[in-house]
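What follows is a set of notes on a single structure, which appears directly below.
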Amino acid sequence: MPQILDAIKQASKFNKKLLAVLIDPEKFSAEKYTEFLQNIPEITTHIFVGGSTATTIQTEVCVSFIKSKTSLPIILFPGDKDQITEKADGILLLSLLSGRNPEYLIEQHIKAVPKLLNSDLEIMPTGYLLLDGGSKSAVARVSKTKPIPQEEIQLISHTALAGQMMGKQLIYLEAGSGAVFPVSEKVIAEVKKDLKIPIIVGGGIRSNKQLQKVYNAGADLVVIGTAFENGEFED
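Dropping the structure here:
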């Protein structure tokens, strides 16, 4: 039975805000992340693990270590099929709806089937929208797709709604790791208006002030990686 997704939906229904800390397996080291995991915010509800080019072994080592240090749900946020490991609790099965590269719309999913077919991972179908965060992101580079300009609010909203109509259970608005600026409040509010599934927002959030603005605009779950990892998050 789906437990993680149901919990996210319940939190969204009752306006309980969630926070995920993102860890990139490529940057992982036991020494570094022992201290890191001891100092993540108390309000953290999930751990996301993933990167654009991490390997299966890197992902497995990273997830196994995290699991030994925390009881928080560990969710894979994979760049491709090679970042899937049964050691995690769940996986965001991402369709890059903002781009038109079939590799990340359906091909990677087909390639992942042998790993997922008999897996105990909770599979969460997710519509993934890459938005312009002011810098060239690893997602854009690897997927060979262009982000949607944040000024094109109607296109963003309609893309998210199309994802919902196709059966996605979550919508992820992504400005890109280390983005110059995060997804705008205006974009989040417009997407939230007609959407009936939870919204995840990530990229470029570096302060508690920004975090609260994103929550107030309608984000249900916020993902922060670089700012926590580099110790740059401002309270």
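Count the sequence shown with full-length UniProt numbering and you get residues 1 to 235, in order. The C-beta atom is built at its ideal place from N, Cα and C for all residues, glycine as well.
Which one of the options has the shortest CA to CA distance from residue i?
i: N15; options: S143, G163, K192; result: K192
i: A160; options: L97, F181, G176; result: L97
For a test of the three-state rule: what should DSSP assign to residue i, helix, strand or coil?
i: E151; result: coil
i: M1; result: In this predicted model, M1 has a pLDDT of only 47, less than 50, meaning its place in the structure is not dependable; the value taken from the coordinates is given anyway. If DSSP states are grouped into helix, strand and coil, M1 belongs with coil.
i: F77; result: coil
i: I43; result: coil
i: A175; result: coil
i: E185; result: helix
i: F48; result: strand
So, are the CB atoms of residue i and residue j less than 7 Å apart?
i: A30; j: F65; result: yes
i: V139; j: L130; result: yes
i: T145; j: N101; result: yes
i: R206; j: A227; result: yes
Under 6 Å Cβ to Cβ from residue i, same chain only, skipping five residues before and after it: list those, please.
i: A217; result: E185, I188, A189
i: D235; result: N208
I need the straight-line Cα distance from residue i to residue j, nearest angstrom please.
i: T34; j: A112; result: 31 Å
i: I171; j: G202; result: 11 Å
i: D194; j: Q150; result: 18 Å
i: S95; j: E152; result: 20 Å
i: L221; j: L92; result: 13 Å
i: Q169; j: T126; result: 6 Å
i: I197; j: Q3; result: 16 Å
i: K32; j: G167; result: 39 Å
Using a Cβ-Cβ cutoff of less than 7 Å, which residues in the same chain neighbour residue i once the five nearest sequence positions on both sides are dropped?
i: Q108; result: D80, K81
i: G51; result: D24, P25, E26, G79
i: S119; result: E86
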